[in-house]
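K.L.:
Here's a structure for you.
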Amino acid sequence: MRFFVAWKGKLVYSQSMKNKAVLIGLDGVPYGLVDDLANRGVMPNFQALKKQGVFAKMAAPLPAVSSVSWSSIITGQNPGVHGIYGFTDLAPQSYDLVFPNFNDLKAPAFWHKHPELKQVALNVPSTYPVKPLNGVHISGFVSPDMEQAVFPAKYLPKLAEIKYEIDVDSELAHQDMDSFLKNLFQVTEARVAAFRYFWQEVDWDVFWLVFTGSDRLGHFLFNAYRNEGHKYHGDFLRYFKRVDEVIGEIAGRLNENDSLLVFSDHGMTEAKANVNLNYFLQESGFLRLDKSSGELYNQISPQSRAFALEPGRIYLNRKGRYPNGAVEESQAEKILEELSDAFSRLDFCKQPVIERICPKERIYSGAQVANAPDLVLVEKEGFRLRAGLNKKELFDKDIFTGTHTGDDAFLFVKGSSSFVDDSLKAEDIVAIIEKTII
Amino acid sequence: MLLYILGMDRLTKLENESIYIIREAWSQFKKVAMLWSIGKDSTSLLWLCRKAFFGKIPFPVMHLDTTYKFPEIYEFRDKYAKEWGLNLIVAKNDESIAAGMGPDKGTKLQCCNELKTDNLKKAIAKHGFRALYLAIRRDEHGIRAKERFFSPRDDSFQWNYKDQPPELWDQYKTKAKDEEHLRIHPMLSWREIDIWEYIRRENIPMVSLYFAKNGKRYRSIGCAPCCNPIDSQADTLDKIVEELKASPTSERAGRAQDKENAYTMQKLRSLGYM
Numbered sequence: 177m178r179f180f181v182a183w184k185g186k187l188v189y190s191q192s193m194k195n196k197a198v199l200i201g202l203d204g205v206p207y208g209l210v211d212d213l214a215n216r217g218v219m220p221n222f223q224a225l226k227k228q229g230v231f232a233k234m235a236a237p238l239p240a241v242s243s244v245s246w247s248s249i250i251t252g253q254n255p256g257v258h259g260i261y262g263f264t265d266l267a268p269q270s271y272d273l274v275f276p277n278f279n280d281l282k283a284p285a286f287w288h289k290h291p292e293l294k295q296v297a298l299n300v301p302s303t304y305p306v307k308p309l310n311g312v313h314i315s316g317f318v319s320p321d322m323e324q325a326v327f328p329a330k331y332l333p334k335l336a337e338i339k340y341e342i343d344v345d346s347e348l349a350h351q352d353m354d355s356f357l358k359n360l361f362q363v364t365e366a367r368v369a370a371f372r373y374f375w376q377e378v379d380w381d382v383f384w385l386v387f388t389g390s391d392r393l394g395h396f397l398f399n400a401y402r403n404e405g406h407k408y409h410g411d412f413l414r415y416f417k418r419v420d421e422v423i424g425e426i427a428g429r430l431n432e433n434d435s436l437l438v439f440s441d442h443g444m445t446e447a448k449a450n451v452n453l454n455y456f457l458q459e460s461g462f463l464r465l466d467k468s469s470g471e472l473y474n475q476i477s478p479q480s481r482a483f484a485l486e487p488g489r490i491y492l493n494r495k496g497r498y499p500n501g502a503v504e505e506s507q508a509e510k511i512l513e514e515l516s517d518a519f520s521r522l523d524f525c526k527q528p529v530i531e532r533i534c535p536k537e538r539i540y541s542g543a544q545v546a547n548a549p550d551l552v553l554v555e556k557e558g559f560r561l562r563a564g565l566n567k568k569e570l571f572d573k574d575i576f577t578g579t580h581t582g583d584d585a586f587l588f589v590k591g592s593s594s595f596v597d598d599s600l601k602a603e604d605i606v607a608i609i610e611k612t613i614i
Numbered sequence: 002m003l004l005y006i007l008g009m010d011r012l013t014k015l016e017n018e019s020i021y022i023i024r025e026a027w028s029q030f031k032k033v034a035m036l037w038s039i040g041k042d043s044t045s046l047l048w049l050c051r052k053a054f055f056g057k058i059p060f061p062v063m064h065l066d067t068t069y070k071f072p073e074i075y076e077f078r079d080k081y082a083k084e085w086g087l088n089l090i091v092a093k094n095d096e097s098i099a100a101g102m103g104p105d106k107g108t109k110l111q112c113c114n115e116l117k118t119d120n121l122k123k124a125i126a127k128h129g130f131r132a133l134y135l136a137i138r139r140d141e142h143g144i145r146a147k148e149r150f151f152s153p154r155d156d157s158f159q160w161n162y163k164d165q166p167p168e169l170w171d172q173y174k175t176k177a178k179d180e181e182h183l184r185i186h187p188m189l190s191w192r193e194i195d196i197w198e199y200i201r202r203e204n205i206p207m208v209s210l211y212f213a214k215n216g217k218r219y220r221s222i223g224c225a226p227c228c229n230p231i232d233s234q235a236d237t238l239d240k241i242v243e244e245l246k247a248s249p250t251s252e253r254a255g256r257a258q259d260k261e262n263a264y265t266m267q268k269l270r271s272l273g274y275m
C-alpha cells in the first residue's frame, strides 16, 4: 500500500522515508560510447545526470566477459573469490565442458549478503537458477528454464502476460537482421513493462535493472555505431535513445536522497579479426589433439602442455588435474615462460596481437585461484580471442562486428564522489552501494 | 503414390516412410548397426526394421549399456533378442565402469559422456560401423527439429547443423565422407503419440515401466538414477494414448541433464562465445 505524505514541503512516497538505491546496468557499453551519445543528444537524460554526479571509466575483471564481470559486480569480489572465470569451464578431473551458473558462485550476491534490504533483481546476467531472497529475482542470460529463472514463482503468469523474455534471440541475427532488431525492441519493451510492474508491486529498497540488448547490438552491429551510412545506424542509436528514456523515467521517479548508479560490465569495440588460440597452441607445439578420443576438450592428448578456453584463458595441462595431464609442477614455470614468449611474438600484419599476459597470481586473489586459468591474455583492441578446437587458420572473421574491451566499462554515481577514484573496478560497486544507502 | 492420393492413414504413411529409409540406408551401407535403448522409440524402430527385412534383421542391434539401466530393461532385452533372433551387441565402457564412473561420481553430464557417448565412439571404432540407425524424433527436443533423415557426423561426433545436405523432395544424401559416419533417422517424422498409436496398432511388446503401477509410470526411460516417473493411472495402451492427447507437458520433462546444456550451448554459440 502506498500513499503520499508531505515531507519538507514536497509530496513524496511514504516509503521514501528510507533511502533507496537503483542500479541500472547496460551490458557491454564502453565509457566512450555513452559519453559520446550523451554529448550528441542521443541520450539527453544521461547527459543531464552526468552533471549531477560522478561519471568515470571502470575496469572489468579478467577475462572481460559478462559472466565474470557480473559475478564481480553482485558479489564485490574478484574471480579468485567468486570462482567464475567464464561462460564455460572444465569439470573437475576431466575435459568435459561445463557451464558455470549461479549455483557455482562462491561468494554471496548482494541480495543474499543483505537480506535486510528488500531487493528486485531484474535481468542480472549469470544469476540462473534463482534462489529465494527477500524480494524478487528474475535471472538474465543464460536462463534455460523460465520456471527456475523467477522467484517467487507467483510472478510467472504476470511475466507471461507481458510477454517477458530473458534475452533477444541472437540466432535471428545470423539469419535476418531486421527480425533480430524487431525482436530486440520487443524484448526491451517487455523488460520496461516488467520494471514498471515490480517498481509498483514490491516495496523495495534496492532495484537492479539490467539491459542486455546493448551487448547484443554491440556484438552484431558495432560497425553501425559510427557509420552514418550503415543500414542499421538509426536502429543502433534508437536502442540507446530508448534506454536513455528509461533512465530518465527512473531518475524522475527517485527522491533527492535516493542513490542511482548506472554502469556497464565491460566495454565494446569494433572487431578486427578472430585469433584462434588453440590453433596457435597447436602450431607452436603446446597442444596436440587426438580426434579419436572424444569431443571438444576430450581430444586433448597426453602430449599437450597447454590449451585455451574462451576468451583468452590459457591452462597448463597439469598432471593430477586433467585425465591426460602431462605438466609436472616443477615444469610449470618454465612452460609458462615459453607460452608468454610465444604469445608476445604473436602478430597480425606485423602488429602485436596480445597487449598483456597476466599470470593468475597477479590478477586474482582468494580461495578459488587454484581453479583459475594459469594465464589470461588481454588482446590489443579489436582482436577477438577465440578457443575453437577445430580451426584451420590462425586468424579469421565472422558475423560479429563488435568485441569486448576490459578497461573502459563505465560507472555513474549520482551525488557524492568521495568513494570513486581513478582505479575503479567492477567489484567496487557493492562497497559503493553499501556506503550510499546503509 | 496412388495410396497417398487415396488417403492412406497417418501411421501407414509414417511406417512406409521409415521402411523406405531403412532399406535405402541398408542398400548403401553394409557396415551398419541399429542402436536399441529398449525404450519405446527404438523398440518401434526395431519392429520397423523387422518388417523392412521380413522378420530377419540383417545388421547388428547395439545396446549401449551404462550398467545403470532398470532391471526390467535388461530382462526385456534378453528375452526379445532371443525371440526375434537379433544379432545383439552389448557395448559397455569397461574402462570407465572399472574406474567407478556413475551418476554420483562427477556430474551427470560426465557420467552420460563416458558411459554413453565415449562408449558409442569406442563401439563404432571397434566394429567399424559406417552408419547407425537411431530412433530420434523431431518433436523430442528443440535441437532435434533441425535434424535430417541422413545426418553426417565427423569423427569427433560434431554435428554442424548449419551445414547439412538438403533433403528436398525426399532426395536423401546417403553418401558419407571417409572420416564421417552417417546417422540414419527413419523415425524423424514421428511424434510421441504416433509411436504409442503404432505400438497399439501393431501390438508391439513394451517394457512394463511404461505402464502405470501404484499411480506412477515412466514416460521416458533411460538410466534408473536419472529418470523420474510421472503421476499417471495409464496402465493400458488405450489409457496411455488418451493421457498423451490430454498432456500439456513434454515427454522428457522427467529427464535430468540434457535440456539445459543444449540450450546454454546454443545460446553461447549464437553470441560467438563458443
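Chains as they are written, first to last, in my numbering: chain A, 177 to 614; chain Z, 2 to 275.
Just so it is clear, CB atoms sit at the ideal spot from N, CA and C, and this is done for glycine as well.
These figures come from a predicted structure and were not determined experimentally.
1. Output, in chain order, the set of chain Z residues within a Cβ distance shorter than 8 Å of A:Ser480.
2. Should A:Pro320 be flagged as near chain Z, meaning a C-beta pair shorter than 7 Å?
3. So, does the CB of A:Phe462 fall closer than 7 Å to a CB anywhere in chain Z?
4. Got a sec: which bits of the region 264 to 278 of chain A sit with their beta carbon under 9 Å from any beta carbon on chain Z, in order along the chain?
5. Please confirm if Z:Tyr69 has its CB atom under 7 Å from at least one CB of chain A.
6. Which value, in whole angstroms, describes the spacing of the CA atoms of A:Gln475 and Z:Lys122?
7. Following the continuous alpha helix (DSSP H) through A:Ala366, name the residue where it begins and the one where it ends.
8. Quick one: does A:Phe456 have its CB under 7 Å from some CB of chain D?
9. Report yes or no: is there a C-beta of chain Z within less than 7 Å of the C-beta of A:Glu486?
10. From the DSSP output, read off the bridge partner residues of A:Thr579.
11. Using 7 Å as the limit for Cβ to Cβ distance, is A:Phe136 near chain Z?
12. How would you call A:Pro320, buried or exposed, if buried means at least 16 neighbouring beta carbons within 10 angstroms?
13. For Z:Pro230 and A:Lys417, what's the separation of their Cα atoms in angstroms?
14. Cutting at 6 Å between CB atoms, please list the residues of its own chain near A:Ala240, excluding the five before and the five after it.
15. Alpha carbons only, please: which of A:Ser516, A:Lys510 and A:Lys526 is nearest the one belonging to A:Arg532?
16. Where does Z:Lys214 land, buried or exposed, given buried means 16+ other C-beta within 10 angstroms?
17. Which bits of chain A does Z:Ala126 rub up against, with CB to CB less than 8 Å?
18. Taking 8 Å as the cut-off, does the region 355 to 365 of chain A touch the region 278 to 290 of chain A (at least 3 CB pairs, one atom from each stretch)?
19. I need the boundaries of the beta strand (DSSP E) containing Z:Ala132, first residue and last residue.
20. Residues of the region 227 to 248 of chain Z in Cβ contact with chain A at a cutoff of 7 Å, in chain order, please.
21. Between Z:Ser28 and chain A, is the shortest Cβ-Cβ distance under 7 Å, so that the two count as touching?
22. Tell me the DSSP secondary structure of A:Tyr340 in three-state form.
23. Taking Cβ positions only, does Z:Glu261 come closer than 7 Å to chain A?
24. Suppose you measure from the CA of Z:Ser248 to the CA of Z:Ser233; what does that come to, to the nearest Å?
25. By the 9 Å beta-carbon criterion, what residues does the region 573 to 599 of chain A contribute toward chain Z?
26. Measure the C-alpha to C-alpha separation of A:Phe374 and A:Glu292 and round it to an integer number of angstroms.
27. Which of the three DSSP states, helix, strand or coil, is assigned to A:Trp627?
28. For a contact meaning CB atoms closer than 9 Å, what does Z:Lys122 contact in chain A?
29. Tell me whether Z:Ala26 sits in a helix, a strand or coil according to DSSP, three-state version.
30. A:Phe263: buried (16+ other C-beta within 10 angstroms of its C-beta) or exposed?
31. Tell me which residues share the same chain as A:Ile423 and place their Cβ nearer than 8 Å to its Cβ, disregarding the 5 neighbours each side in the sequence.
32. For the beta strand (DSSP E) holding A:Lys233, just list the boundary residues, first then last.
33. How big is the Cα-Cα spacing for Z:Pro187 and A:Tyr473?
34. Residues in the same chain with beta-carbon distance under 8 Å from Z:Ile194, minus the five sequence neighbours each way, listed in chain order, please.
35. List the endpoints of the continuous alpha helix (DSSP H) containing A:Pro255.
36. By the three-class DSSP mapping on this structure, what secondary structure does Z:Glu244 have?
P.N.:
From the atom records:
1. Those do not exist, as A:Ser480 stays about 16 Å from chain Z at its closest Cβ, beyond 8 Å.
2. yes
3. no
4. Thr264, Ala267, Pro268, Gln269, Ser270, Asp272, Leu273, Val274, Phe275 and Asn277
5. no
6. 13 Å
7. Met353 to Glu377
8. Annotation note: the requested chain D is absent from the structure, which comprises protein chains A and Z.
9. yes
10. A:Thr445
11. The structure shown does not extend to residue 136 of chain A, since chain A is modelled only from 177 to 614, so the question has no answer here.
12. buried
13. 51 Å
14. His442, His580 and Gly582
15. A:Ser516
16. exposed
17. Ser468
18. no
19. Ala132 to Tyr134
20. none
21. no
22. coil
23. yes
24. 11 Å
25. Asp574, Ile575, Phe576 and Thr579
26. 18 Å
27. No information on residue 627 of chain A is available, as it lies outside the stretch 177 to 614 that chain A covers here.
28. Ser468, Ser469, Gly470 and Glu471
29. helix
30. buried
31. Ile200, Met219, Asn221, Phe222, Leu225 and Val438
32. Gly229 to Met234
33. 31 Å
34. Val242, Leu245 and Lys246
35. Pro255 to His258
36. helix
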